[in-house]
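Quick note: the sequence shown uses the working numbering, first residue 3, plus one each step. Don't be surprised by glycine CBs; every beta carbon is placed ideally from N, CA and C. Everything below concerns the one structure shown next.
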Amino acid sequence: MKQNIYDHPEFFESYRKLRESELNYNDLLEQPTLRDMLPELKNKKVLDVGCGMGDFAKYCVNEQAREVLAIDISKNMINVAQQRNAHERINYVNISLEDLQIRQQDFDVAVSSLALHYIRDYDAVIKKMNGCLKKMGVFLFSIEHPIATARRNMDNWIIDKENSRSHYAVDHYQEEGERQQHWYIDGVVKYHRTFSTLINELILNGFQIEKVIEPIPADEAADSLPKIMNELRRPSFMIIRAKKAW
C-alpha cells in the first residue's frame with residue numbers, strides 16, 4: 003500500500019505551517035543545494051517527482067524550462083500547487099510515481115526533492131527514471147541521509163545529563179528496510195537504504211554518477227536558524243546527480 007501522509011489533516015496542516023515559515027531546513031539547506039546542482043533548464047522538459055506545493059516546478063519555468071510535469075500522491079499538495087504556482091507550462095497531476103504511466107525517453111531532466119525515502123521499491127523507481135529520460139538526461143534527487151534513517155526508531159540524538167545533544171547515534175545501518183517515525187503524527191513510514199545501495203542501483207540501471215553532495219549550511223542560514231549548525235555534526239540530507247549513460 004502506498005503511503006500518503008500528506009493528505010492526513012493533522013499532518014498536512016503542521017507541514018504547511020513549517021514550509022510557510024522561512025526558517026526551515028528545506029529552504030535554508032536542501033533547496034539551495036539542489037538548485038545549484040541542476041543542469042541548464044532552458045528549453046528542457048522536466049519531470050518533478052513529489053512536487054509538493056509546486057515551488058520547485060515554478061522555479062523550473064522561471065529558469066525557462068519548456069514544460070514541467072509535476073506529480074504528487076497528495077491531493078492536498080496538488081491543490082495548493084495549482085492555487086499558488088499555476089503556470090501554463092506546468093501540468094500538475096495527482097498521482098503516485100508507482101502508478102504514473104510515462105512515455106519512454108520523453109524528458110531531459112527528472113528531479114525529486116525528499117520523496118524517494120517514502121517509496122518501498124527503489125530499484126523500480128530508478129528503472130522508471132532511466133526509461134523516461136532521453137540519453138544523457140539528468141536525474142537529480144535529494145533524500146534523507148542514510149545516517150539519519152539508519153536507527154530503527156530514527157531517534158538519533160543522545161541527550162546528556164545537562165539536556166544537551168551529546169552525540170548522534172548510528173545503528174542498524176546495514177539493515178535496510180522500513181522505519182517508523184513520529185513526525186507530527188505516529189507511524190510515518192520511511193525506507194532506509196545504505197549509501198552503497200543508493201549508488202549501485204543507479205549504476206546497474208544505466209546511470210553515471212556525476213556528483214554527490216551532503217549539504218552544509220551557509221553562514222546566513224546559521225544566523226537565521228542557529229540549530230541548523232548541527233548539520234556540521236551529522237548530515238540530514240544527501241543529494242545525488244546522475245546522467246543516463248545507456
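Given residue i, which residues of its chain have a CB within under 7 angstroms of its CB, disregarding the five upstream and five downstream residues?
i    : result
K196 : Just to set this straight, residue 196 is Thr in the shown sequence, not Lys. So the qualifying residues of the chain are P148, Y175, Q176, E178.
D57  : N87
K46  : A67, R68, D110, V111
How close, in whole Å, do the beta carbons of residue i and residue j come, if the pair is a contact with beta carbons under 8 angstroms?
i    : j    : result
V70  : A59  : 5 angstroms
E146 : K192 : 7 angstroms
E30  : P219 : A quick correction: the sequence has Leu, not Glu, at residue 30. That belief holds up - the Cβ atoms of L30 and P219 are roughly 6 angstroms apart, short of 8 angstroms.
M240 : E216 : 6 angstroms
Just grab the DSSP bridge partners of residue i for me.
i    : result
D74  : N96
A244 : F141, I211
Q182 : V191
E69  : K47
Y170 : W159
F239 : E146
For residue i, collect the residues of the same chain with a Cβ closer than 8 angstroms to its Cβ; drop the 5 residues on either side in sequence, then sort them by chain order.
i    : result
N81  : none
N64  : none
R91  : V63, A67, R68, E69, V70
L200 : Y124, I145, P148, M240, I242
K77  : D9, N96
Please return the same chain residues whose Cβ sits closer than 6 angstroms to the Cβ of residue i, not counting the five positions on each side in sequence.
i   : result
Y94 : A72, I80, A83, Q84
task = Tell me the start and end of each unbroken alpha helix (DSSP H) in the region 15 to 50 that is at least 4 residues and wholly inside, in chain order.
result = The region 15 to 50 contains, as complete alpha helix (DSSP H) runs of 4+ residues, the segments 33 to 38 (chain order).
request  = Taking only runs that begin and end inside the region 110 to 155, name each unbroken alpha helix (DSSP H) of 4 or more residues, in chain order.
outcome  = Qualifying alpha helix (DSSP H) stretches, in chain order: 124 to 134, 148 to 151.
request  = Examine the Cβ distances between the region 124 to 141 and the region 28 to 37 and report whether three or more of them are shorter than 8 angstroms.
outcome  = In short, these stretches do not touch, since the Cβ pair count stays below three.
message = Whether or not the region 150 to 161 and the region 180 to 189 are in contact is what I'm after, with contact meaning three or more pairs of Cβ atoms, one per stretch, closer than 8 angstroms; do they touch?
response = Segment contact: the region 180 to 189 against the region 150 to 161, three or more CB-CB distances shorter than 8 angstroms; contact assigned.
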